[in-house]
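Q:
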Amino acid sequence: MIRCSGLFRPDHRLWRPGGERTGKVGRMVRVTLHEVAVEAGVSDSTVSRALRGLDKVDEGTRARVRQAADRLHFSFSRNASSLASGKTMRISLLFSDKLNTWFDASVLQGAYEVLYPQRYDLIPSTVSTYEQLSAFFSRLPADRNVDAVIVASINLGSGETDILKRLTIPTVGLDSRTIEGFDASVLLDDRKGMHDAVALLKRLGHRRMAYVGMPEPGDFEFSSQRRGDAFMESALAMGFQPRDLLRIDVGRRADYRTYDEAVGSGVARVLALDPMPTALCVESDGYAIALIGGLRKYGIRVPQDMSVVGFDDADVAAAADLTTVHQNPEEMARSAADKALALMRGEEPEERHSLADPILMLRGSTARPPQRAR
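Counting with the UniProt record's numbering, you get residues 1 to 374 for the letters of the sequence shown.
Structure, rendered in structure tokens:
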């Protein structure tokens, strides 16, 4: 079990650095900072500075100290380190949805891979209303519980961006709708992704298309909601006629008791169009796959009668043979975490505000339109 300044453990397998066995079998022994110093061949103060992440310790020495600490299973007191260095060694990652969604879980994994080796704890938080969001940011200056904040896929209002500008800790936006207020950001290039999807459908010969958005989640606007605008802009720029471009809005999540109801509403709106489009671009893979299932129940074959393109390339997309726009939230999170680390060190990130390139994944849900529609 772990205690503040070291690890308590039975010493029947414990050998000190010189090889001398100590204590009786079963007795609990605490590994000390001095033992780590002896193991690493440095002073006690160097061990303290290295494990607290302070400057004036070269990286080779820091690595040697950490390796020695790992070999001895030494756990440095995080509270003591925070008091001495002024750092909490914690980074907050803010979400607006359940943490077990494909996107959020991928972001957590990517950020963890970068921050854990640097001895930072990752603190995930969720908010579901602008009131909760405002309260979260308002508490940050007083609580001083984190060294940086990464905000994932939330559109901040003017009140929140004003608070961000006054914060003394780095803030990084991850796939947010805007870079306003953030010290650094990583955004997915939704416009390029939707442009590539529309270009594919045009090459296949489709002339009448629709964009289907997911039910709006409530208070927040998410970065994915840029995709509908990008669909219309891309199609118009490619010469599609406005009368042949449709945008299907299925309302808000609160309008439906279940997800199946929301899917049924989307299917009904597509079937009600006359003439029906021969291709759909859908805001997310999950909703696209559900729509395909609903359309097939009414005799609409995909892709023979209607092509469908999703967005995200979530884990389910390949299994469903769904043509989609690929994004890599793990890689985006790694980039956001790297930017946060650089800012906390007082360094300039290699690129403060960067765009992640999506990739069109061609699978079996797209084909040429039926002969009658050409």
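All C-beta atoms, glycine included, are put in the ideal place defined by N, C-alpha and C.
Would you mind listing the alpha helix (DSSP H) stretches within the segment 329–366 that are 4+ residues and don't spill past its ends, in chain order?
A: The segment 329–366 contains these whole alpha helix (DSSP H) runs: 329–344.
Q: If you draw a straight line from the C-alpha of leucine 156 to the C-alpha of valine 250, how long is it?
A: On the sequence shown, residue 156 is found 156 positions in, with the first residue counted as 1. On the sequence shown, residue 250 is found 250 positions in, with the first residue counted as 1. Approximately 23 Å between the Cα atoms of the pair.
Q: Any contact of the segment 301–318 with the segment 157–176, i.e. 3+ C-beta pairs under 8 Å?
A: No contact exists between the segment 301–318 and the segment 157–176.
Q: Put aspartate 121 into one of helix, strand or coil per three-state DSSP.
A: Within the sequence shown, numbered from 1, the residue matching residue 121 stands at position 121. In the structure shown, aspartate 121 sits in a strand (DSSP, three-state: E or B).
Q: Helix, strand or coil: which one does DSSP assign to histidine 195?
A: Within the sequence shown, residue 195 is the residue found at index 195, counting from 1. In this structure, histidine 195 counts as helix in the three-state DSSP scheme.
Q: Under 7 Å, do tryptophan 102 and alanine 314 count as touching if we go by C-beta distance?
A: The residue labelled residue 102 in the question sits at position 102 within the sequence shown. The residue labelled residue 314 in the question sits at position 314 within the sequence shown. For tryptophan 102 and alanine 314, yes; Cβs fall inside 7 Å.
Q: Residues in the same chain with beta-carbon distance under 6 Å from serine 265, minus the five sequence neighbours each way, listed in chain order, please.
A: Position 265 of the sequence shown, counted from the start, is the residue given in the question as residue 265. Correct list, in chain order: Val250.
Q: Tell me the start and end of each unbroken alpha helix (DSSP H) in the segment 152–210 that is at least 4 residues and wholly inside, in chain order.
A: Entirely contained in the segment 152–210, the alpha helix (DSSP H) runs reaching 4 residues are, in chain order, 158–166, 190–204.
Q: By the 10 Å Cβ neighbour count, where 16 or more other Cβ atoms means buried, how is leucine 99 classified, buried or exposed?
A: Counting from 1 along the sequence shown, the entry for residue 99 is found at position 99. That one is exposed.
Q: By DSSP, does serine 284 sit in helix, in strand, or in coil?
A: Residue numbering aside, residue 284 sits at position 284 when the sequence shown is read from its first letter. Three-state DSSP puts serine 284 in coil, outside helix and strand.
Q: Is the segment 345–362 touching the segment 192–199 in the sense that three or more CB pairs, one from each, lie closer than 8 Å?
A: With the cut-off at 8 Å, the segment 192–199 and the segment 345–362 touch.
Q: Report buried or exposed for threonine 324, applying the criterion of at least 16 other Cβ atoms within 10 angstroms of its Cβ.
A: Translated into the one-based positions of the sequence shown, residue 324 becomes position 324. Classification of threonine 324: buried, given that the 10 Å Cβ count is 16 or more.
Q: Between arginine 64 and the rest of its own chain, which residues show a CB-CB distance below 7 Å, the 5 nearest in sequence each way excluded?
A: Translated into positions along the sequence shown, residue 64 becomes position 64. Cβ neighbours of arginine 64 beyond the five flanking positions: Ala40.
Q: Mark arginine 66 as exposed unless 16 or more other C-beta atoms lie within 10 angstroms of its C-beta, in which case mark it buried.
A: If you number the sequence shown from 1, residue 66 lands on position 66. So arginine 66 counts as buried.
Q: If you count every other CB in all the chains shown that lies within 10 Å of the CB of lysine 56, and 16 or more means buried, which is it?
A: Walking along the sequence shown from the start, residue 56 turns up at place 56. The residue is exposed, with fewer than 16 neighbouring Cβ atoms inside 10 Å.
Q: Below 7 Å between beta carbons: does that hold for valine 212 and valine 282?
A: Locating residue 212 in the sequence shown gives position 212, where the first residue counts as 1. Locating residue 282 in the sequence shown gives position 282, where the first residue counts as 1. Yes, they are a contact pair.
Q: Buried or exposed: methionine 209, going by 16 or more other Cβ atoms within 10 Å of its Cβ?
A: If you number the sequence shown from 1, residue 209 lands on position 209. The residue in question, methionine 209, is buried, as its Cβ has 16 or more Cβ neighbours within 10 Å.
Q: Starting from threonine 61, trace the alpha helix (DSSP H) in both directions and tell me its first and last residue.
A: Stepping through the sequence shown from its first residue, residue 61 is reached at position 61. Threonine 61 -> alpha helix (DSSP H) spans 59–71.
Q: Can you confirm whether the segment 272–279 touches the segment 287–297 when touching is taken to mean that 3 or more C-beta pairs between the two stretches lie within less than 8 Å?
A: No, because fewer than three Cβ pairs between the segment 287–297 and the segment 272–279 fall closer than 8 Å, the two stretches do not touch.
Q: Cα-Cα, which of Tyr256, Leu246, Ala254, Asp255 is closest to valine 270?
A: Mapped onto the sequence shown, residue 270 falls at position 270. When each option's Cα is compared against that of valine 270, the closest is Leu246.
Q: Could you check how far apart the C-beta atoms of alanine 50 and threonine 61 are, in whole angstroms? I think they sit under 8 Å.
A: Along the sequence shown, one-based indexing puts residue 50 at 50. Along the sequence shown, one-based indexing puts residue 61 at 61. The Cβ separation is near 6 Å, so the contact holds.
Q: Determine contact between the segment 174–188 and the segment 230–247, defined as no fewer than three beta-carbon pairs at a distance below 8 Å.
A: As far as the Cβ criterion goes, the segment 174–188 does not touch the segment 230–247, which means the pair count is below three.
Q: Between the C-alpha atoms of glycine 310 and glycine 53, what's the straight-line distance to the nearest angstrom?
A: As a working note, residue 310 is residue 310 in the sequence shown. As a working note, residue 53 is residue 53 in the sequence shown. So the two alpha carbons sit approximately 44 Å from each other.
Q: So the candidates are Ile91, Glu131, Met332; which of them puts its Cα closest to the Cα of glycine 110?
A: Counting from 1 along the sequence shown, the entry for residue 110 is found at position 110. Among Ile91, Glu131, Met332, the Cα nearest to that of glycine 110 is on Met332.
Q: Apart from the five residues just before and just after isoleucine 163, which ones in its own chain have a Cβ nearer than 6 Å to its Cβ?
A: Here residue 163 corresponds to residue number 163 of the sequence shown, with the count starting at 1. Same-chain partners within the cutoff: Phe137.
Q: I need the boundaries of the beta strand (DSSP E) containing leucine 93, first residue and last residue.
A: In the sequence shown, counting from the first residue as 1, residue 93 sits at position 93. Segment 90–95, the beta strand (DSSP E) holding leucine 93.
Q: Since aspartate 313 is in the beta strand (DSSP E), which residue starts that stretch and which ends it?
A: Here residue 313 refers to the residue found at position 313 when the sequence shown is read from its first residue. Run containing aspartate 313: none; DSSP gives neither H nor E here.
Q: Look at the Cβ atom of glutamate 348, then the Cβ atom of serine 106, and state whether they are nearer than 7 Å.
A: Translated into the one-based positions of the sequence shown, residue 348 becomes position 348. Translated into the one-based positions of the sequence shown, residue 106 becomes position 106. Against a cut-off of 7 Å, the Cβ pair of serine 106 and glutamate 348 comes out as no contact.
Q: Could you tell me if residue 377 is buried or exposed, where buried requires 16 or more neighbouring beta carbons within 10 angstroms of its beta carbon?
A: Absent from the model: residue 377. The displayed extent of the chain is 1 to 374, so no value can be given.
Q: Short of 8 Å in beta carbon distance, which residues of its chain neighbour arginine 334, apart from the five on each side in sequence? Order them along the chain.
A: Indexing the sequence shown from 1 puts residue 334 at position 334. So the qualifying residues of the chain are Gly110, Ala111, Glu113, Val114.
Q: From the DSSP output, in three-state form, read off residue 424 for me.
A: Limits of the chain in this structure are 1 at one end and 374 at the other, which puts residue 424 out of reach.
Q: Is the separation between the beta-carbon of arginine 144 and that of isoleucine 123 shorter than 7 Å?
A: Here the question's residue 144 lines up with position 144 in the sequence shown. Here the question's residue 123 lines up with position 123 in the sequence shown. No, these two residues do not count as a Cβ contact at 7 Å.
Q: In or out: alanine 317 buried (at least 16 other Cβ within 10 Å) or exposed?
A: Stepping through the sequence shown from its first residue, residue 317 is reached at position 317. Alanine 317 should be labelled buried.
Q: Provide the residue(s) that pair with serine 307 in DSSP beta bridges, ordered along the chain.
A: Stepping through the sequence shown from its first residue, residue 307 is reached at position 307. Ala279.
Q: If we ignore side chains and look at the alpha-carbon of each, how far apart do serine 185 and leucine 280 end up?
A: By 1-based counting over the sequence shown, the position of residue 185 is 185. By 1-based counting over the sequence shown, the position of residue 280 is 280. Each residue's alpha carbon lies about 31 Å from the other.
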